[in-house]
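All remarks here apply to the structure that follows.
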Amino acid sequence: MAHRVPPTGLVRQVSNLMKGNLIKDAPVWLPVLKTIPPGPSIIRTRPHNDNINAQSAAEMELMSQQQPTKSSIRHKQKNLRTKPPRPQPIVYPEDRLRRQFYKDHPFELSRPKVLVEGDSGKNRTDFTQLLLPGMRLNEIDGEAVIKYQLHLMTAEKIPERQAYATATSEFYKIRAQQEEEEREARAKMTDVLHTISKQTRKALYHEEQALIRGMNNQPY
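Here my numbering is used: the first residue of the sequence shown is -4, the next is one more, and so on.
Below, the structure is given as structure tokens:
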């Protein structure tokens, strides 16, 4: 019968095999197993300090400040039953900011969202500024404002309300500039279409006159 390594010793066993050059490349699941080690039981209990959301240190500190403190409550003996294991909720710090932003700006949800990658083939990760150099105005949406507000709160330690006011103020300026450019583009298009319509009417008039002269056998 083959020897089975217990789940708690799997990381140590794989590490020993790598040290003895019996395994050349580390398995892809090894870093995950080091971060979230398995328990001795089939029903695994997750420690509260596991970073399953892959948050930075500043984001974890912000989340700890937002979580309410739990008060001790005395229960009766009949209620002290073992609860079945349930998956832990995955909560991000920007979830709260997202609810507040779309509550104040519900019409932003009706704007079309581009789900493809950018021109560089990568998704945006730099939110030190709301509008980065080289970006188009229509690339700024509600999610960019939320990420920018989160950056102000975590990196620059600005309070939530002040960061929200700063982010939305810059957002309003960008939207006003975008609407102004759209009005100018519509005005130019209207002038072009008006000019084309004049030329079209003139061409139709000459064509009609040519047909009349042809029916009357008149020279052109």
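Backbone N, C-alpha and C define an ideal beta-carbon position, used for all residues, glycine too.
What's the call for residue i, buried or exposed, on a 16-neighbour Cβ count within 10 Å?
| i | result |
| --- | --- |
| F102 | exposed |
| K142 | buried |
| A158 | buried |
| L125 | buried |
| P154 | exposed |
| V111 | exposed |
| Y215 | Unreliable placement is indicated for Y215, whose pLDDT of 46 sits below 50; no coordinate value is reported for it. |
Sort the options by Cα distance to residue i and report the nearest one.
| i | options | result |
| --- | --- | --- |
| K152 | L57, N11, T30, M184 | L57 |
| P2 | E175, L28, D20 | L28 |
| Y87 | R81, S51, T120, D99 | S51 |
| A150 | K14, R7, A53 | A53 |
Quick one: Cα of residue i to Cα of residue j, how far?
| i | j | result |
| --- | --- | --- |
| Y97 | R178 | 26 Å |
| A198 | I191 | 10 Å |
| M184 | V23 | 55 Å |
| Y200 | G209 | 14 Å |
| I31 | M55 | 17 Å |
| P79 | P33 | 18 Å |
| P225 | R93 | Not covered by the structure: residue 225. The range shown for the chain is -4 to 215. |
| L206 | K193 | 20 Å |
| R170 | A180 | 15 Å |
| K168 | E174 | 10 Å |
| D186 | M130 | 28 Å |
| D20 | T120 | 30 Å |
| L188 | I85 | 53 Å |
Who are the near neighbours of residue i in its chain, counting only those whose CB is closer than 6 Å to its CB and skipping five residues on each side?
| i | result |
| --- | --- |
| F122 | K142, Y143, H146 |
| I18 | L12 |
| G15 | none |
Grab me the residues of residue i's own chain with a C-beta within less than 8 Å of its C-beta, minus the 5 sequence neighbours each way, in chain order.
| i | result |
| --- | --- |
| S10 | none |
| Q95 | Y159 |
| L25 | V6, V9 |
| T172 | The residue you asked about is not Thr; residue 172 is Gln in the sequence shown. Within the same chain, Q172 has close Cβ partners L132. |
Let me check you understand the geometry: is the CB of residue i closer than 7 Å to at least one non-hydrogen atom of the ligand GTP?
| i | result |
| --- | --- |
| D186 | Among the components modelled here there is no ligand, and therefore nothing to report on the ligand GTP. |
For this session: Check whether the stretch 161 to 173 touches the stretch 142 to 151, counting contact only when three or more Cβ pairs, one atom from each stretch, lie closer than 8 Å.
Result: These segments touch.
Exercise. Do the stretch 126 to 141 and the stretch 89 to 108 meet, that is, are 3 or more Cβ pairs less than 8 Å apart?
Worked result: The stretch 126 to 141 is in contact with the stretch 89 to 108.
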